[in-house]
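Which chain is which? The protein sequence lines are P and Z, in order. The first sequence begins at 1 in the working numbering and counts up one residue at a time. The second sequence begins at 1001 in the working numbering and counts up one residue at a time. For every residue, glycine included, the Cβ atom is placed at its ideal position computed from N, Cα and C. Small disclaimer: the values here were computed from a predicted structure and weren't measured.
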Amino acid sequence: MMETTTQFSWAYPYILPTILLILSPIIGGLLIGIDRKLTARLQNRRGPPIVQPFYDMLKLFGKEDKIVNRSYLVFGSAYSSTVVLSTALLLFQYDLLVVTFVFGLSFIFLVLAGYSARSQFSFVGATRELMQMMTYEPILLLIVFMIRLVTGSFEVEAIFDASQPLLFTLPLAFLALLVILPIKFRKSPFDISTAHSEIAQGPTIEFAGKYLAIVETGHFFEMFFVLWFIGLFYVQSWPIRIGLMVFAFLFSLVVDNATARLRVDQMLKQVYIVGMILLIINLAYIIVTGSWIV
Amino acid sequence: MSIIEFARKKSPWVLHVNAGGCNGCNLELLSCLTPRYDVSRFGVYNTDNPKHADVMIVIGPVTLKYKEIITNLYNQMPDPKVVMAVGTCTCTGGIYQGCYGHCGALDQVLPVDVYVPGCNVRPEAIIDGLVLALDMLNEKERKILEDKKAKAKGVA
């Protein structure tokens, strides 16, 4: 008995990430379903059932796929697979910088998918997606660099070894993450790229049938990825970690229902100004309290 | 019933087209989405994109200018698809019958599956028509598959 435990003890750190990676599309889909239900309840409606996103996926797999050309299908599938890859890298505690860049790469693939289909809506959507990326990527990268300053390493393991939770050393960076959260969830006020009923879903307009289902599944993974990233800010206790994730999800939902869509230039100005001020104040806080590890 | 057929019944995505009506039925259709008649509880989602849609809801008698656009929209929708004619003008031509600028009724242009009469239509009638259309989606898909099988046999 003793021998078997030692024999497989190397596998223990991999069990939880593997289970979570398998469950993450289900969790992401359920989160989108809960979001639709709660939005309906806030508007005094009944709303669709919580499992509605899965019904949509299954239905899309049963539909004919009208293919325009091959390149946008390749880029669409590349988008989903890079999102899955970045989720896996984050769950298996790889280098945080690499995780962020792979996640950014998934957005690039979506933009390329938008540009490779010949449709004005698709072009406009892809351009807006690129502008959104320009907005959130510097702030996300600066947050990652500040995590490096506090923990002394880009490895996710260093966050677990840190003396105090990231939330205490980087409280304002957490707020900056909340500011860019609606961009990554593609929710109001920053649902500019997929503007529903304005440019009809933006980059995903030409996708149909099972290829649309593949892109949408990538979105499920994205939901889970972003929330798990937020959970890193308090890894010391599980209840607070999950509480942070739930708080971020509910925050994005309330903001989604309370605000209207902004223009691209408004988003660029507001997010840059608010995010950069928060990050600079937090940098000053790190330097003053001396929690800077070189 | 397979799992995909079950899912198809649960999530009809709707494309809303106004082909030159008086806007009365438009407002009735939009009131279906409001809290009183909330059709989204059946999984209905207003897509505005023919490539994602299952059900095409057409309102108004088809004007000659709109004839080409509406056939284009219909051809862009992936199978299985269902066309609903909503309102008296769309079903028969209504008060526009015999006018010079119209095709008369929607079935002169596209194959129509469900007719929902009324001037204006009641939102309840639209929901009723949608339920009929959902049953038709699965029938259509089965028919398409059978045709494919027959074609494959004919070739072999």
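Partners in chain P for I1003 of chain Z, counting only beta-carbon separations shorter than 7 Å: Per Cβ cutoff of 7 Å: L58.
Is the Cβ-Cβ distance between L1106 of chain Z and V1058 of chain Z less than 7 Å? Against a cut-off of 7 Å, the Cβ pair of V1058 of chain Z and L1106 of chain Z comes out as a contact.
Consider the Cβ of P1050 of chain Z: report whether some Cβ of chain P lies at a distance smaller than 7 Å. P1050 of chain Z does not count as touching chain P.
Taking DSSP's pairing of strands, which residues face I1057 of chain Z in a bridge? In the DSSP assignment, I1057 of chain Z is bridged to Z:H1016 and Z:M1084.
Out of P:F101, P:A162, P:L30 and P:F75, point me to the one whose CA is closest to L140 of chain P's CA. If we check each option's Cα against that of L140 of chain P, P:F101 comes out closest.
Just the chain Z side, please: which residues come within less than 8 Å of N44 of chain P by C-beta, in chain order? Those are P1035, listed as they occur along chain Z.
Closer than 9 Å at the beta carbon, the chain P residues around R1008 of chain Z: Within chain P, the residues Y55, L58, K59, G62 and K63 have their CB atoms less than 9 Å from the CB of R1008 of chain Z, given in chain order.
Look up Y1115 of chain Z in the DSSP assignment and give the residues it is bridged to. Partner(s): Z:A1085.
At a CB-CB cut-off below 7 Å, which residues of chain Z make contact with L212 of chain P? By Cβ distance, chain Z contributes H1052.
Near I50 of chain P, which residues of its chain fall below 7 Å by C-beta distance, leaving aside the five closest residues on each side in sequence? The beta carbon of I50 of chain P sits closer than 7 Å to the beta carbons of L30, G33, I34 and K37 from its chain, once the five residues preceding and following it are set aside; these are given in chain order.
K66 of chain P touches chain Z at which residues, Cβ-Cβ below 8 Å? Simply K1051, Q1076 and P1078.
Tell me, which residues are paired with H1102 of chain Z by DSSP? Its beta-bridge partners are Z:T1063.
For the stretch 1009 to 1033 of chain Z, which residues have a beta carbon sitting closer than 7 Å to at least one beta carbon of chain P? For the stretch 1009 to 1033 of chain Z, which is checked against every Cβ of chain P, the residues closer than 7 Å are K1010 and S1011.
Pick helix, strand or coil for E64 of chain P, following the three-state DSSP scheme. Assigned with DSSP and collapsed to three states, E64 of chain P falls in coil, not helix or strand.
Within 7 Å (strictly less), CB to CB, does R1142 of chain Z reach chain P? Between R1142 of chain Z and chain P, the shortest Cβ-Cβ separation is not below 7 Å.
Anyone know if the C-beta pair for D1079 of chain Z and E137 of chain P falls short of 7 Å? No, the pair does not count as a contact, with Cβ atoms beyond the cut-off.
May I have a chain-ordered list of the alpha helix (DSSP H) segments no shorter than 4 residues that lie completely inside the stretch 98 to 171 of chain P? Note on the stretch 98 to 171 of chain P: whole alpha helix (DSSP H) runs with a minimum of 4 residues are 120 to 151, 156 to 161 and 166 to 169, in chain order.
To the nearest angstrom, how far is it from the Cα of V1155 of chain Z to the Cα of F1042 of chain Z? About 41 Å.
Any beta carbon from chain Z within less than 7 Å of M1 of chain P's own beta carbon? Note that M1 of chain P scores 49 on pLDDT, short of 50, meaning its location in the model is unreliable; the coordinates nonetheless yield the value given after this. Not an interface residue.
Where the alpha helix (DSSP H) through G28 of chain P begins and ends: That run of the alpha helix (DSSP H) goes Y12 to L42.
Under 7 Å, do V1109 of chain Z and V1083 of chain Z count as touching if we go by C-beta distance? Judged by their CB atoms, V1109 of chain Z and V1083 of chain Z are not nearer to each other than the 7 Å cut-off.
Coil, strand or helix - N69 of chain P by DSSP: Correct three-state label for N69 of chain P: coil.
Assumed close pair C1103 of chain Z, P1061 of chain Z - CB separation to whole angstroms, cut-off 8 Å: Confirmed, Cβ separation roughly 7 Å.
Under the assumption that Y72 of chain P contacts S116 of chain P (Cβ atoms under 8 Å), give the Cβ distance between them as a whole number of angstroms. Contact check for Y72 of chain P and S116 of chain P: beta-carbon distance about 4 Å, within the 8 Å limit, so the pair qualifies.
Who are the neighbours of G28 of chain P on chain Z, taking C-beta pairs under 7 Å? Residues of chain Z passing the Cβ test: none, with the nearest at roughly 17 Å.
Between T82 of chain P and the rest of its own chain, which residues show a CB-CB distance below 7 Å, the 5 nearest in sequence each way excluded? Taken in chain order, the residues that qualify are V102, L105, S106 and F109.
Residues of chain P with a CB under 8 Å from the CB of D1113 of chain Z: which are they? The premise fails here: D1113 of chain Z is roughly 17 Å from chain P at the closest Cβ pair, so nothing lies under 8 Å.
Can you list, in chain order, the residues of its chain with a C-beta nearer than 7 Å to that of Q52 of chain P? Leave out the 5 residues immediately preceding and following it. Once the five neighbours on either side are set aside, the close Cβ partners of Q52 of chain P are G33 and R36.
How do the stretch 6 to 17 of chain P and the stretch 222 to 239 of chain P stand: do at least 3 beta-carbon pairs fall below 8 Å, yes or no? Three or more Cβ pairs closer than 8 Å define a contact, and the stretch 6 to 17 of chain P falls short of that threshold against the stretch 222 to 239 of chain P.
CB-CB under 8 Å to F75 of chain P, same chain, minus the five flanking residues each way: which ones, in chain order? F109, L110, L112, A113 and S116, listed in sequence order.
Rounded Cβ spacing between I143 of chain P and V271 of chain P (contact assumed at less than 8 Å): About 13 Å separates the two Cβ atoms, so there is no contact after all.
With 16 as the cutoff for other CB atoms within 10 Å, does W1013 of chain Z come out buried or exposed? Per the 10 Å Cβ criterion, buried.
Name the DSSP bridge partner or partners of Y1045 of chain Z? Within the DSSP bridge table, the entry for Y1045 of chain Z names Z:W1013 as partners.
Look at the alpha carbon of Q120 of chain P and the alpha carbon of T194 of chain P, and state the distance between them as a whole number of angstroms. One C-alpha to the other measures close to 13 Å.
Look at L172 of chain P and N44 of chain P and say whether their C-beta atoms are less than 7 Å apart. Taking 7 Å as the cut-off, the Cβ atoms of L172 of chain P and N44 of chain P do not count as close.
Assigned exposure category for L212 of chain P - 16 Cβ within 10 Å defines buried: Burial call: buried.
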